[in-house]
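Here the structure comes first, spelled out in structure tokens, and everything after it is commentary.
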Amino acid sequence: MKRKLQVNHSKTLKLINVLEKELEKCDIENYENEVIKMENYIRTKGSVSIGPLIQYVNGSVNEKGKIEAKISILRQSKNFINTVEPPYKLKSVLRVVNCLYVRFIGEESKIKFAYDKINLTAFEEDIPLKGNSYTIFVDQQDDQIIADIFMERADNDETN
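According to full-length UniProt numbering, the sequence shown holds residues 1 to 160 in order.
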């Protein structure tokens with residue numbers, strides 16, 4: 001039996017000139033518009049975006065025991081943007097080392113299985129996770145997508 005989702009236990013995510021926007025609840029409802037706004041912002045700053053769209057999700061439990069998720073979109077810029085105004089932030093280098101990683105190829109509606117696979121692997125192998133993930137949308141054709149998913153390990157303190 002061929003495994004569709006293979007987990008790599010020690011992968012590094014490295015991004016250069018990363019523009020980030022944390023999405024508010026109303027932004028999430030207009031996700032595609034927010035991506036277009038970010039593309040336009042990069043162009044107005046005299047640069048162009050490179051690479052695929054990246055989504056960052058950080059899940060946590062608040063003091064009332066409710067699960068909260070912070071969602072951000074990230075794009076790499078060809079050049080460093082010197083002046084960045086809110087709601088955007090820029091990091092010259094974003095490096096997340098020692099992540100659990102899986103490449104998902106399939107129907108977009110089934111991407112949850114890739115997250116489940118990483119979480120199950122972490123559970124079975126006693127690997128603590130921080131509760132965040134980076135999803136890089138490498139390609140999409142019709143309903144088929146290719147996505148790289150990185151989940152940061154909690155036994156790892158080497159992030160920049």
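A virtual CB, placed ideally from N, CA and C, is assigned to each residue, including glycine. Note that the structure is predicted; figures quoted are calculated from it, not measured.
When the distance is taken between beta carbons, is residue j closer than 8 Å to residue i?
i, j, result
"Thr12", "Val93", "no"
"Asn21", "Ser72", "Note that residue 21 is Lys in the sequence shown here, rather than Asn. Result yes, Cβ atoms of Lys21 and Ser72 sit closer than 8 Å."
"Lys130", "Ala154", "yes"
"Asn79", "Asn17", "yes"
At what residues does the beta strand (DSSP E) containing residue i begin and finish?
i, result
"Ile145", "144-153"
"Ile136", "129-141"
Is it the case that the CB of residue i approaches a heavy atom of the ligand PLP more closely than 7 Å?
i, result
"Lys130", "The ligand PLP is absent from the structure shown, which contains no ligands of any kind."
Since residue i and residue j should fall inside the 8 Å C-beta cutoff, what is the C-beta to C-beta distance between them, to a whole number of angstroms?
i, j, result
"Leu74", "Tyr56", "6 Å"
"Leu5", "Ala114", "6 Å"
"Ile42", "Leu19", "6 Å"
"Thr135", "Val7", "About 15 Å separates the two Cβ atoms, so there is no contact after all."
"Lys70", "Asn58", "4 Å"
"Glu39", "Leu23", "Glu39 to Leu23, Cβ: 15 Å. No contact."
"Pro52", "Phe137", "5 Å"
Following the continuous alpha helix (DSSP H) through residue i, name the residue where it begins and the one where it ends.
i, result
"Ile111", "It is not in any alpha helix (DSSP H) - Ile111 carries neither H nor E in the DSSP assignment."
Counting only beta-carbon separations shorter than 8 Å, does residue i have a partner in chain D?
i, result
"Lys91", "Absent from the structure: chain D. Only one protein chain is present."
Practice item. Within the stretch 9-81, note down every full alpha helix (DSSP H) run reaching 4 residues or more, in order along the chain. Key: 25-29, 31-44
**Study point:** Inter-stretch contact (C-beta, 8 Å, three-pair minimum) for the stretch 37-54 and the stretch 96-114
**Key:** Fewer than three Cβ pairs drawn from the stretch 37-54 and the stretch 96-114 lie within less than 8 Å of each other, which leaves the two stretches out of contact.
Practice item. Evaluate the contact criterion for the stretch 104-122 versus the stretch 140-156: three or more CB pairs, one atom per stretch, below 8 Å. Key: yes
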